[in-house]
Amino acid sequence: MAHRWKNDLSAADVTPQQMFLNRRQIMAGALGLGAFGAAGAAKAQDDLQPNTWEEITSYNNYYEFGTGKDDPAKNAHALDLTDWVIEVDGLVDNPGTYTVADLTSGLTEEERIYRFRCVEAWAMVIPWNGFELADILSAVGVQAGATHVAFETAVQPDNMPGVRRGVLDFPYREGLRLDEAMHPLTMMATGIYGEPMPKQNGAPIRLVVPWKYGFKSIKSIVRITLTDKQPYATWNAINAREYGFYSNVNPEVDHPRWSQATERLIGGGLFAARQDTLMFNGYDEVASLYDGMDLRANY
Ligand code: MTE
Numbered sequence: 000m001a002h003r004w005k006n007d008l009s010a011a012d013v014t015p016q017q018m019f020l021n022r023r024q025i026m027a028g029a030l031g032l033g034a035f036g037a038a039g040a041a042k043a044q045d046d047l048q049p050n051t052w053e054e055i056t057s058y059n060n061y062y063e064f065g066t067g068k069d070d071p072a073k074n075a076h077a078l079d080l081t082d083w084v085i086e087v088d089g090l091v092d093n094p095g096t097y098t099v100a101d102l103t104s105g106l107t108e109e110e111r112i113y114r115f116r117c118v119e120a121w122a123m124v125i126p127w128n129g130f131e132l133a134d135i136l137s138a139v140g141v142q143a144g145a146t147h148v149a150f151e152t153a154v155q156p157d158n159m160p161g162v163r164r165g166v167l168d169f170p171y172r173e174g175l176r177l178d179e180a181m182h183p184l185t186m187m188a189t190g191i192y193g194e195p196m197p198k199q200n201g202a203p204i205r206l207v208v209p210w211k212y213g214f215k216s217i218k219s220i221v222r223i224t225l226t227d228k229q230p231y232a233t234w235n236a237i238n239a240r241e242y243g244f245y246s247n248v249n250p251e252v253d254h255p256r257w258s259q260a261t262e263r264l265i266g267g268g269l270f271a272a273r274q275d276t277l278m279f280n281g282y283d284e285v286a287s288l289y290d291g292m293d294l295r296a297n298y
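Last residue of the sequence shown: 298 in numbering that gives the first Met the number 0, with the numbers rising by one and none dropped.
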């Protein structure tokens, strides 16, 4: 079957989504935009169309802003992005407090912003842009002995109604094994459709792990810790039977309360056919990370 994404999309591979292009044309007067200015939906898939900006930004999970799918769009405007910094600590050569610009200062503009990746996850196809997590891990220097990477989301009780109500054990936390974190598919996304990341989608910077279920892709990151232990992960801690640490997309392992063998794309319409869920969401090149592991036991 046709690949659902490309790992090496560049501005040359992208075609503008009509709405996005129209908006940019209005903003930029239609002229004087470089190739990146018109960068929009990736045409990586022959078989899948990216969701619209409207769909991507109005149907979200971000429990800090409420548990309803429309709560993040309603409430996330309160997220305060002022002086956003990321604490990098643990088993690293250069621990410290960094801005996103600090962390990416060694990258070219292309590497820093324009790693478009059209990722189908959580029943949506989203053209993320950003950079590879591996690039910043290399920049801070991972020490021998580190086996995992842990991530934490900001906690702003004054701005986050879900935090005030304590709907989860905040801060939201997630983790990856180091080899998963270093895989070129693992992305720190800073935008969608070439626009800065909307707050409801995890501004200013969030993780995107395309071969895993959506809850691994932690939003609005303020801490990255290199560690020698499997990190605490929010949903895994709440209900380990339903949410394994690995959380690789796997049609053969059902969620205890529903089958994961098929999925229906959001925006496909009520009568859209369900499609088969693919192992690793179709990203076969990550299979070798799990050689010799029982992926039913390590779900
Ligand atoms: N990150 C934080 N901090 N809080 C959350 O509630 N929800 C996760 C993940 N990251 C979540 C989070 C879940 S369950 C999903 S499906 C995705 O974000 C949704 O990302 P999207 O709203 O951009 O599609």
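All C-beta atoms, glycine included, are put in the ideal place defined by N, C-alpha and C.
Own chain, CB closer than 8 Å to Ala145, minus 5 neighbours either side, in chain order: Gly89, Leu90, Val91, Leu177, Leu225, Thr226 and Asp227
Distance cut-off 8 Å: Thr152 Cβ against heavy atoms of the ligand MTE: Under cutoff, so the answer is yes.
Three-state secondary structure (DSSP) of Glu110: helix
Pro299: CB within 8 Å of a non-hydrogen atom of the ligand MTE: Residue 299 cannot be examined here, being either before or after the span of the chain that is shown, 0 to 298.
Alpha-carbon spacing of Gly28 relative to Val124, whole angstroms: Only weak support exists for where Gly28 lies, its pLDDT of 32 falling under 50; the value from the coordinates is given anyway. Roughly 29 Å separates the two Cα atoms.
Cβ-heavy atom distance, Met123 to the ligand MTE, below 8 Å: At least one heavy atom of the ligand MTE is nearer than 8 Å to the Cβ of Met123, so yes.
CB-CB length for Gly174 against Gln229, believed under 8 Å: 7 Å
Counterpart residues of Phe150 in DSSP-defined beta bridges: Glu173 and Ile223
Arg205 Cβ short of 8 Å to the ligand MG heavy atom set: Among the ligands present in this structure, namely the ligand MTE, the ligand MG is not found.
Exposure label - Glu251; buried when at least 16 CB within 10 Å: exposed
Under 9 Å between C-beta atoms of Val207 and Ala232: no
Same chain, Cβ closer than 8 Å to Arg205, five either side skipped, listed in chain order: Met187, Ala188, Met196, Ser216, Ile217, Lys218, Ser219 and Ile220
Under 9 Å between C-beta atoms of Pro255 and Arg273: no
Of the listed residues Arg164, Leu132 and Asp70, nearest to Ser57 (C-alpha basis): Asp70
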